[in-house]
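Novice: Position in the sequence shown counted from 1, then plus 3, gives you this note's numbering. Think of the CB as a built atom: it goes at the ideal place given N, C-alpha and C, for glycine as much as any other residue. Treat the numbers as computed from the prediction; the structure is a model and nothing was measured.
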Amino acid sequence: MKQHVLVLYLATSALDAPVVGWSSYDGTGRTSPTTGDGDDPPYATGVDALRDGWRLFQASQLIPPYPGHEYDTSFLKHEFFFEKLDDEP
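1) Contact check, A47 vs V22 under 8 angstroms by CB: the rounded distance?
2) Comparing alpha-carbon positions, which option in S27, D42, H72 and P70 lies nearest F84?
3) Taking the continuous alpha helix (DSSP H) assigned at R54, which residues delimit it?
4) Among L65, G49 and K80, which one has its Cα closest to the Cα of L9?
5) With the cut-off set at 8 angstroms, would you say W57 and P44 are in Cβ contact?
6) Per DSSP, what kind of secondary structure is S63 in: helix, strand or coil?
Okay, here's the thing in structure tokens:
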């Protein structure tokens, strides 16, 4: 079995929040997606990915900002990892 991985960055920690960033990886080698190769996300929300058969296997921890740093910019913190398994050679 080979794995497809989809990383969605959502606007909030809720799976039905809008996608604000994404990455995808194809372990089968049939496609070679790269960061920035499209203007539109593959799904509007994380729930849409679930409905299309992607399995959620990791979500980032919810860590509150330190007092006084609520508006600092940093990494995209609402990161969700999804997978699809492919049994074709």
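Specialist: Taking the geometry as given:
1) 6 angstroms
2) Among S27, D42, H72 and P70, the Cα nearest to that of F84 is on S27.
3) G49 to R54
4) G49
5) It is not a contact, given that the beta carbons lie outside the stated cut-off.
6) It is coil, neither helix nor strand.
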